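Each step along the sequence shown adds one to the number in the numbering used here, with nothing skipped, and position 70 is 70.
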Amino acid sequence: MRTLSPGRRPQSWSYPTLLVLLMLGQATSAIPSPLYSLYADKWDYPPFLTTVIFAAYGAVAVVAILVSGALSDRYGRRPVLLVAVLLLLAGLVVFVFAAGPGYLVVARMLNGLGIGAIVVVGGAALLDVSPERAARSGTLTAIAFNVGIAVAALGTAALAQTGFHPLFLPYLADALIAVVLFVLLLVMCEPHPSAGAAPLGIPRPQVPREIRGRFIFAVIGAGAAWTVLGVCFSLEPSIAAHAAHVDGPFFGGVVIAAVTLSAATTQVVSARFPARTVALVGDTALAVLMVAGVAGFATGNAVVIIVTVALQGGAYGLAFGGSLRHLTAHIPAERRGAVMSMFYLLAYGALITPTLLVGIGATVWSDTAIFPVFSVAAAVLCLSAVVVERVVGRRGGPFEVTRATTDEAPRMSEVD
Numbered sequence: 001m002r003t004l005s006p007g008r009r010p011q012s013w014s015y016p017t018l019l020v021l022l023m024l025g026q027a028t029s030a031i032p033s034p035l036y037s038l039y040a041d042k043w044d045y046p047p048f049l050t051t052v053i054f055a056a057y058g059a060v061a062v063v064a065i066l067v068s069g070a071l072s073d074r075y076g077r078r079p080v081l082l083v084a085v086l087l088l089l090a091g092l093v094v095f096v097f098a099a100g101p102g103y104l105v106v107a108r109m110l111n112g113l114g115i116g117a118i119v120v121v122g123g124a125a126l127l128d129v130s131p132e133r134a135a136r137s138g139t140l141t142a143i144a145f146n147v148g149i150a151v152a153a154l155g156t157a158a159l160a161q162t163g164f165h166p167l168f169l170p171y172l173a174d175a176l177i178a179v180v181l182f183v184l185l186l187v188m189c190e191p192h193p194s195a196g197a198a199p200l201g202i203p204r205p206q207v208p209r210e211i212r213g214r215f216i217f218a219v220i221g222a223g224a225a226w227t228v229l230g231v232c233f234s235l236e237p238s239i240a241a242h243a244a245h246v247d248g249p250f251f252g253g254v255v256i257a258a259v260t261l262s263a264a265t266t267q268v269v270s271a272r273f274p275a276r277t278v279a280l281v282g283d284t285a286l287a288v289l290m291v292a293g294v295a296g297f298a299t300g301n302a303v304v305i306i307v308t309v310a311l312q313g314g315a316y317g318l319a320f321g322g323s324l325r326h327l328t329a330h331i332p333a334e335r336r337g338a339v340m341s342m343f344y345l346l347a348y349g350a351l352i353t354p355t356l357l358v359g360i361g362a363t364v365w366s367d368t369a370i371f372p373v374f375s376v377a378a379a380v381l382c383l384s385a386v387v388v389e390r391v392v393g394r395r396g397g398p399f400e401v402t403r404a405t406t407d408e409a410p411r412m413s414e415v416d
């Protein structure tokens, strides 16, 4: 395996390739979302099973997140990413030949292993390839996530609405892109300059003391945002279609795209502002909009519902993008894999648990009954991030343990 010698720059295409890989990972996670209603009609299973299928992805992604960062620190980013892409392809094959809900669980688990590794190792590789763009990498990562989701959701939903091989063509297109990226990874120089030096082991649940305050604030804000995203990916498309009295899967795809495209837009616009401020605004706005969204859904108007979820998506983009950017600019180089593993471990935990609870509630009661309860709970979680910032800030300053040097001060003002 080739490694970067001191002073050698990686290939110029490495950075955009890694961004596209991150985009592909999230696109793969989003493809089944507009199709869940088709699968449920085909095999006649309840809403709770939909959330189980979705949660299976998140559960194994947590496993990948725990081990992939340490593996990439030890053996390099490139080998781990190559295996991750192969897992994506294996999951897509199972989706194509699925003969029942159990196949969907297996497919999501394979994809979850691959996506979890791509999220952590791809993010760490971006920092390795271009450490001087650490803050920008956090923004671009969040944008890549959302654009990948939006494109996959809209394209899949459009095919599902027309009935033109919706359970085959989206997976085929995704697989072709994955194959191209696999080839590029094969010829890419190893991004991690210290591969082979780190000891092998599962990262302990800790982060460096000097960034611990930042980490707590960032992970609560990102976790709150992903709580909303989990329900958006699993049940919200059908809840929105039911509320608007719209038939067919396309409306659900529009809901997902509205959330993610709005999120990407706010992340682009907010990139010029301090990350901490952006995260705080996003957390507060998302809390308010989740509660207001209950009234929006109650109108039963399709346009109002789309505007509502788009506004929520914009706030989600600020909360997640700001939180991620606030953290990534200050991770010590030797701890990138471990810290990003812990960040996404907790974020995926926030993705899984509320989604399963909402699925249980929708099965026992109804989706319209459980959705307002979820919205209020999500709002409380968002506000908790703001409270944590205020408490930690009063105790030890704005998350800084060490003083910035004179040369670092201008860059710190842009990031923080």
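Just so it is clear, CB atoms sit at the ideal spot from N, CA and C, and this is done for glycine as well.
Owing to the predicted nature of the structure, the values given are computational and were not obtained by experimental measurement.
Continuous alpha helix (DSSP H) stretch holding R214: start and end: Element bounds for R214: 212–234.
Taking the alpha-carbon positions, what's the F48 to S72 distance? 35 Å
Apart from the five residues on each side of it in sequence, which residues of its chain come closer than 7 Å, Cβ to Cβ, to V219? F343, L346, A347
In angstroms, rounded to a whole number, what distance separates the CA positions of L383 and V228? 13 Å
Terminal residues of the alpha helix (DSSP H) in which L113 lies: 101–117
What does the alpha-carbon distance come out to for the pair L381 and A287? 8 Å
Endpoints, alpha helix (DSSP H) assigned at W43: Counting along the chain, the alpha helix (DSSP H) containing W43 begins and ends at 36–43.
In terms of residues, what are the limits of the alpha helix (DSSP H) holding H326? 302–328
Given F95 as reference, the closest of S29, R78, A150 once Cα atoms are compared: Nearest of S29, R78, A150 to F95, Cα basis: S29.
Figure out for me which residue from L87, L86, L22, V254 has the closest Cα to the Cα of A160. V254
Please confirm if the stretch 310–323 is in contact with the stretch 251–270, defined as three or more CB-CB distances below 8 Å between the two stretches. yes
Could you check how far apart the C-beta atoms of V259 and P354 are, in whole angstroms? I think they sit under 8 Å. Incorrect: roughly 16 Å between the Cβ atoms, too far for contact.
Kindly list the residues whose CB is nearer than 7 Å to the CB of I118, restricted to its own chain and excluding five residues on each side of it in sequence; keep chain order. L21, L22, G25, L81, A84
Under a Cβ-count criterion, where at least 16 other Cβ atoms within 10 Å of its own Cβ denotes burial, should H326 be classed as buried or exposed? buried
Count the other CB atoms, across all protein chains shown, that sit within 10 Å of the CB of T162; report buried if there are 16 or more and exposed otherwise. exposed
Can you give me the C-alpha to C-alpha distance between L88 and T139, rounded to a whole angstrom? 24 Å
Segment limits, alpha helix (DSSP H) that includes R247: Note on identity: in this sequence residue 247 is Asp, with Arg being the wrong assignment. Where D247 is concerned, there is no enclosing alpha helix (DSSP H), given that its DSSP letter is neither H nor E.
Every unbroken alpha helix (DSSP H) within the stretch 61–96, with a cutoff of 4 residues, ordered by chain: With a minimum length of 4 residues, the continuous alpha helix (DSSP H) runs that stay inside the stretch 61–96 are 77–96.
Do Y15 and V129 come within 8 Å of each other at the CB atom, strictly closer than that value? yes
Residue burial classification, P34 (beta-carbon count within 10 angstroms, cutoff 16): buried
Along the chain, where does the alpha helix (DSSP H) containing F418 start, and where does it finish? Lying outside 1 to 416, the shown extent of the chain, residue 418 is not represented and no answer is given.
Less than 6 Å between C-beta atoms, sequence neighbours within five positions excluded: which residues of the same chain meet that for L18? In its chain, beyond the 5 residues on either side, G122, A125, L126 have a beta carbon closer than 6 Å to the beta carbon of L18.
Taking Q11 as part of the alpha helix (DSSP H), name the residues at either end of that continuous run. From DSSP, Q11 is part of no alpha helix (DSSP H); its letter is neither H nor E.
Nearest to R276 by alpha carbon, out of L324, V309, V151? L324
For G300, count neighbouring C-beta atoms within 10 Å of its own C-beta (all shown protein chains included) and say buried if the count is 16 or more, exposed if not. exposed
Just reading off the alpha helix (DSSP H) that A124 is part of, what are its end residues? 123–129
Considering only the beta carbon of each residue, do T51 and L356 sit closer than 8 Å? yes
Please state the DSSP three-state secondary structure of F164. coil
Between the Cα of E190 and the Cα atoms of Y75, V364, F168, T156, which residue gives the shortest distance? Y75
Could you check which residue in N146, A385, A70, G296 has the C-alpha nearest to that of F233? The option with the nearest alpha carbon to F233 is N146.
Exposed or buried, S12, counting other C-beta atoms within 10 Å across all chains shown (16 or more means buried)? exposed
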